[in-house]
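J.:
Protein chains: 2
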Amino acid sequence: MPTLFRKPREIRNYLKSVRCESKQSIGFVPTMGYLHEGHRRLIRESKIQNDITVVSIYVNPLQFGQGEDYERYPRDLERDISICAEEGVDVVFAPSDEDMYPEKPLINIEIKGLTDILEGKFRPGHFNGVCTVVLKLFNIIQPDRAYFGEKDYQQLKVIQRLVKDLSLPVEIVPVPTVRDPDGLALSSRNTYLSPEERESALSLYRSFLLAEKLFKSGNTDANLLKEAIREFILKHPRVKGIDYVEIIDQDLKPVSEVKIGDRILLAVWVGNTRLIDNWRLGDAKV
Amino acid sequence: MPTLFRKPREIRNYLKSVRCESKQSIGFVPTMGYLHEGHRRLIRESKIQNDITVVSIYVNPLQFGQGEDYERYPRDLERDISICAEEGVDVVFAPSDEDMYPEKPLINIEIKGLTDILEGKFRPGHFNGVCTVVLKLFNIIQPDRAYFGEKDYQQLKVIQRLVKDLSLPVEIVPVPTVRDPDGLALSSRNTYLSPEERESALSLYRSFLLAEKLFKSGNTDANLLKEAIREFILKHPRVKGIDYVEIIDQDLKPVSEVKIGDRILLAVWVGNTRLIDNWRLGDAKV
């Protein structure tokens, strides 16, 4: 069983001796819990690369906006801990809100061109919440490596830039998105979906295959691809709307001419559930 | 002689072994160089409380605004290193701009109610520059304690809040302002002052004594005290203007009724030199 810590001070002291006395490297997997196969991949990657693997389980209120799904976000700490045990996680950190935020933070962190577009535009304050909690967790855990899924692609880019801009002594390791056999990207939010909604949610993945096919057959006009994606997704009965479909380069800048390695990012409402997904163009055999 | 490091990576590796292998505590004094007695006090305090004292010497371009004194800010690394040697500093970190900012940071850090008032209002972007460089230095040095002068009082409060909001594993130690025998608060910028300007610059300290006297004799109206300070300072020939005179409480909130422990903060132009100073009310025997 992993050792469970609730208090920042206690895990900090424990890891201090791990780090110094036994000179072990620390891998860190920050999560909001309700762990799925995607999280397992992060954990396995960390287990390969580090002596000790720490998983944090914390639904961070700061990254949810007014009217978002903070209250109903799925939580099951007991199940999460047993998954961590199965995966051989060494330490679980599951702090309370009071321990993480004894006072409401006054800090606001923005990263120009990264936190103010796409998710940042549709979820104002979201990335401030993400950056704040990630910095706090990094400062508490002080890991050598931290693992982030490509599923939250913009978040990954934001964290990578945060690390660079602040000279954080941690290596960010991206881990590919895990999908169900039918293509749905794993997300704790998938539990919100009814069977009919889940069927419509498959349109996200299938729109990527469509775009990939168009790209492979010579269509490099981003607008054409985005329009095809939109049209395809909106045909599905439970799709309530699209927040954005964008094709961006390595620096998260929208492109007009698509090239290999550019990425489709999208956010779609299926019923009352907001799903995000992304796809790197030019790799897949379609 | 202190060991001199130029490269973040090298000092980081060196201090890693200090921290872990010899289990020594690290005190850190961040400076922009051109060291004076104020810096010496910070260093001495660190020497008392820690096994190893690290001084950084870096004129951080990011905290200077357009048209400010970045170019003419006094620099003398050789002299600084010999002062560090005199004080028994163990390690000096003097990075180049290229090493600190291989790319221009995209991050913007604000702390509501702290970075947007007083200095932050008159020097837009200043505290973002301060917060960014301090976080970078903390992440490179990873000190147990860091020493900041009360001279830059708002900066001290901003850093304290940064540490709290981000759960930084460092203790911030405030060190009282050091003054010349005639009361002028020590600052590297005092080198800009002509003898006549220096004489007018004494009005800052003397206005504090005046306010203290008024307060001690029962005047608790902040506006009355501020007006008396303004009037007194503006009488001096080389004073070109006042950016602000404010009286604030522990949380940096302006007060209308003054009580013991509140602080006067001010910024005054003497010739082409902008000086800041502050004063805690109710302590001094005047």
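Going line by line, the protein sequences match chains H and S.
Per this note's numbering, the very first residue in the first sequence carries number 1; after that it's consecutive.
Per this note's numbering, the very first residue in the second sequence carries number 287; after that it's consecutive.
Beta carbons are placed, not taken as given, at the ideal position from N, Cα and C, and that holds for glycine.
Less than 8 Å between the beta carbons of Ser203/H and Phe232/H, yes or no?
T.: In this structure, Phe232/H lies closer than 8 Å to Ser203/H by Cβ.
J.: Please report whether the beta-carbon of Gly149/H lies at a distance below 8 Å from any beta-carbon of chain S.
T.: With 8 Å as the cut-off, Gly149/H does not count as an interface residue toward chain S.
J.: Under three-state DSSP, which class holds Ser342/S?
T.: Ser342/S falls in the strand class under three-state DSSP.
J.: Count the other C-beta atoms from every protein chain shown that fall within 10 angstroms of the C-beta of Ile248/H, then say buried if there are 16 or more, exposed otherwise.
T.: So Ile248/H counts as buried.
J.: So Leu400/S contacts chain H; which residues on that side make the cut at Cβ distance below 8 Å?
T.: The answer, in chain order, is Leu106.
J.: Going by the beta-carbon positions, is the gap between Gly504/S and Thr463/S smaller than 8 Å?
T.: No; because the gap between Cβ atoms is not below 8 Å, this pair is not in contact.
J.: Return the Cβ separation of Asp573/S and Ser311/S in integer angstroms, given the expectation that the two are a contact with Cβ distance under 8 Å.
T.: Summary: the structure shown does not reach residue 573/S, with chain S confined to residues 287 through 572, and so no result is reported for it.
J.: Would you be able to state if there are at least three C-beta pairs under 8 Å between the region 366-373 of chain S and the region 324-338 of chain S?
T.: Yes, the region 324-338 of chain S is in contact with the region 366-373 of chain S.
J.: Considering Cα atoms alone, identify which of Lys407/S, Leu561/S and Ala514/S is closest to Lys526/S.
T.: Lys526/S has its Cα closest to that of Leu561/S, out of Lys407/S, Leu561/S and Ala514/S.
J.: List in chain order: all unbroken alpha helix (DSSP H) runs of 4+ residues lying wholly within the region 348-410 of chain S.
T.: Entirely contained in the region 348-410 of chain S, the alpha helix (DSSP H) runs reaching 4 residues are, in chain order, 363-372, 383-386 and 405-408.
J.: Can you grab the Cα-Cα spacing for the pair Glu437/S / Gly406/S, in whole Å?
T.: Residue 437/S is actually Lys in this sequence, not Glu. Roughly 16 Å separates the two Cα atoms.
J.: Which chain H residues sit within Cβ distance under 9 Å of Asp537/S?
T.: Result: empty, since nearest Cβ-Cβ is about 10 Å, beyond 9 Å.
J.: Please state if the CB of Ser473/S and the CB of Leu423/S are separated by a distance shorter than 8 Å.
T.: Cβ atoms of Leu423/S and Ser473/S: not closer than 8 Å.
J.: Taking the straight line between their C-alpha atoms, what separation do you get for Lys443/S and Lys521/S?
T.: Distance between the alpha carbons of Lys443/S and Lys521/S is about 31 Å.
J.: How long is the line joining the alpha carbons of Leu400/S and Glu103/H, rounded to whole angstroms?
T.: Spanning the two alpha carbons is a distance of roughly 15 Å.
J.: So, at 6 Å on beta carbons, what are the nonlocal neighbours of Tyr192/H in its own chain, with the 5 sequence-adjacent residues on each side left out?
T.: Excluding sequence neighbours, Tyr192/H sits near Thr273.
J.: What does a CB cutoff of less than 8 Å around Leu77/H pick up in its chain, not counting 5 residues either side in sequence?
T.: Counting only Cβ-Cβ distances below 8 Å, and skipping sequence neighbours, we find Gly33, Ile57 and Ala94.
J.: Alpha carbon to alpha carbon, how far is Arg365/S from Lys164/H? Give it in angstroms, no decimals.
T.: When rounded, the distance between both Cα atoms is 32 Å.
J.: Using 8 Å as the Cβ pair cut-off and three pairs as the minimum, do the region 412-419 of chain S and the region 123-141 of chain H touch?
T.: With the cut-off at 8 Å, the region 412-419 of chain S and the region 123-141 of chain H do not touch.
J.: Any beta carbon from chain H within less than 8 Å of Ser489/S's own beta carbon?
T.: It does not; no Cβ of chain H falls within 8 Å.
J.: Going by other Cβ atoms of all chains shown within 10 Å of its Cβ, with 16 needed for buried, is Pro237/H buried or exposed?
T.: By the neighbour-count rule (16 or more Cβ atoms within 10 Å), Pro237/H is not buried but exposed.
J.: So, at 8 Å on beta carbons, what are the nonlocal neighbours of Ala267/H in its own chain, with the 5 sequence-adjacent residues on each side left out?
T.: The answer, listed in chain order, is Leu118, Glu119, Phe122, Ile242, Asp243, Tyr244, Arg274, Leu275 and Ile276.
J.: Answer with buried or exposed for Pro181/H, where buried requires no fewer than 16 other C-beta atoms within 10 angstroms of its C-beta.
T.: Counting Cβ neighbours within 10 Å, Pro181/H comes out exposed, since fewer than 16 surround it.
J.: Taking the alpha-carbon positions, what's the Val456/S to Lys309/S distance?
T.: The alpha-carbon atoms of Val456/S and Lys309/S are separated by roughly 16 Å.
J.: Report the partner residues of Val239/H according to the DSSP bridge assignment.
T.: According to DSSP, which records beta bridges pairwise, Val239/H is partnered with Val270/H.
J.: Please name the residue in Phe215/H, Arg19/H and Val175/H whose C-alpha comes closest to that of Lys259/H.
T.: For the residues Phe215/H, Arg19/H and Val175/H, the minimum Cα distance to Lys259/H belongs to Phe215/H.
J.: Do Ala228/H and Leu209/H have their beta-carbon atoms positioned less than 8 Å apart in this structure?
T.: No, these two residues do not count as a Cβ contact at 8 Å.
J.: Would you say the beta carbon of Asp537/S is closer than 7 Å to some non-hydrogen atom of the ligand MN?
T.: This structure lacks the ligand MN; in fact it carries no ligand of any kind.
J.: Leaving out five residues before and five after Arg566/S in sequence, what residues of the same chain have Cβ atoms less than 6 Å from its Cβ?
T.: For Arg566/S, where only same-chain residues beyond five positions count, the Cβ hits under 6 Å are Arg549.
J.: Nearest-angstrom Cα distance between Ile338/S and Arg189/H?
T.: Going from the Cα of Ile338/S to the Cα of Arg189/H covers about 49 Å.
J.: Please list, in chain order, the chain H residues whose beta carbon lies closer than 7 Å to that of Asn425/S.
T.: By Cβ distance, chain H contributes Leu166, Ser167, Leu168 and Pro169.
J.: Assuming Ile172/H contacts Leu452/S (C-beta within less than 8 Å), just tell me the rounded distance between them.
T.: Between Leu452/S and Ile172/H the Cβ distance is about 17 Å, and since that is not below 8 Å, they are no contact.
J.: Contact check, Glu225/H vs Glu246/H under 8 Å by CB: the rounded distance?
T.: Here the sequence assigns Leu to residue 225/H, which means Glu is not the residue at that position. About 10 Å; that fails the 8 Å criterion.
J.: What span of residues does the beta strand (DSSP E) with Tyr320/S cover, start to end?
T.: Premise fails: Tyr320/S is in no beta strand (DSSP E) and is neither H nor E.
J.: DSSP on Ile550/S, reduced to helix/strand/coil?
T.: Note: Ile550/S maps to strand in three-state DSSP.
J.: How is the beta strand (DSSP E) around Val175/H delimited, first residue to last?
T.: Element bounds for Val175/H: Glu171 to Val175.
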